[in-house]
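Colleague: The structure's right below; bear with me while I get my questions together.
In this note's numbering, the protein residues as written are 5 to 174.
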């Protein structure tokens, strides 16, 4: 699908496997973008099933995220799953939790520091021991992820600070 829609990717199309998202600034632009995408699909003898399509949506659910004008947030179903997650009882459980948490790490400021006591348990040199520090890490990470974090585009008319991590530079 990436090859078929190559010229449109990151201009007004995002593709994941067979899911296609067309985004636009205005309705008129959106109609034109849709026409271009559908024409390209037809040229490659690919067809969209109308019953699986939604057009001109202002809010969509995509890959575990809710995407709307200028912002992205976690899907409430995923937030609920995190909220209900019980403390891990073994490395397998911990890997499952951290796998989900890591997928949403960009929503949590200081994710790696918060998760460190748990990620340290995954080292081959460590034996499984769920400590009070691990429980605190687990609770803090869950709390950070369920407080409806939202990522938004910066308002370029206002000043903002960009923080970077250059700790590996010498």
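Idealized CB from N, CA, C, for every residue including glycine.
1) Rounded to whole angstroms, what's the CA-CA distance from residue 7 to residue 93? Just pull it up for me.
2) Report the three-state DSSP secondary structure of residue 73 (helix, strand or coil).
3) At the level of alpha carbons, what is the spacing between residue 119 and residue 66?
4) Given 8 Å as the limit, is there contact between the stretch 61-79 and the stretch 144-163, that is, 3 or more CB pairs closer than that?
5) In this structure, does DSSP put residue 115 in helix, strand or coil?
6) Based on the DSSP secondary-structure assignment, which residues constitute the bridge partners of residue 23?
7) Could you work out which residue in 128, 63, 16 is closest to residue 40 when comparing CA atoms only?
8) Spatial neighbours of residue 149 within its chain, please: CB distance less than 8 Å, with the 5 preceding and 5 following residues excluded, ordered by chain position.
9) Residues in its own chain within less than 8 Å of residue 44 by CB, not counting five upstream and five downstream?
Modeller: Reading from the atomic positions:
1) Rounded to the nearest angstrom, the two C-alpha atoms are 44 Å apart.
2) In the three-state reduction of the DSSP assignment, residue 73 falls in the coil class.
3) Taking the straight line joining both Cα atoms gives about 26 Å.
4) The stretch 61-79 makes contact with the stretch 144-163: 3 or more CB pairs, one atom from each, lie closer than 8 Å.
5) Collapsing the DSSP output to three states places residue 115 in a helix.
6) Beta-bridge annotation (DSSP): residue 23 is paired with 20.
7) Here the closest residue by C-alpha is 16.
8) In the same chain as residue 149, and ignoring 5 residues on each side of it, the C-beta atoms closer than 8 Å to its own belong to 78, 83, 86, 105, 108, 111, 112, in chain order.
9) The answer, listed in chain order, is 8, 9, 12.
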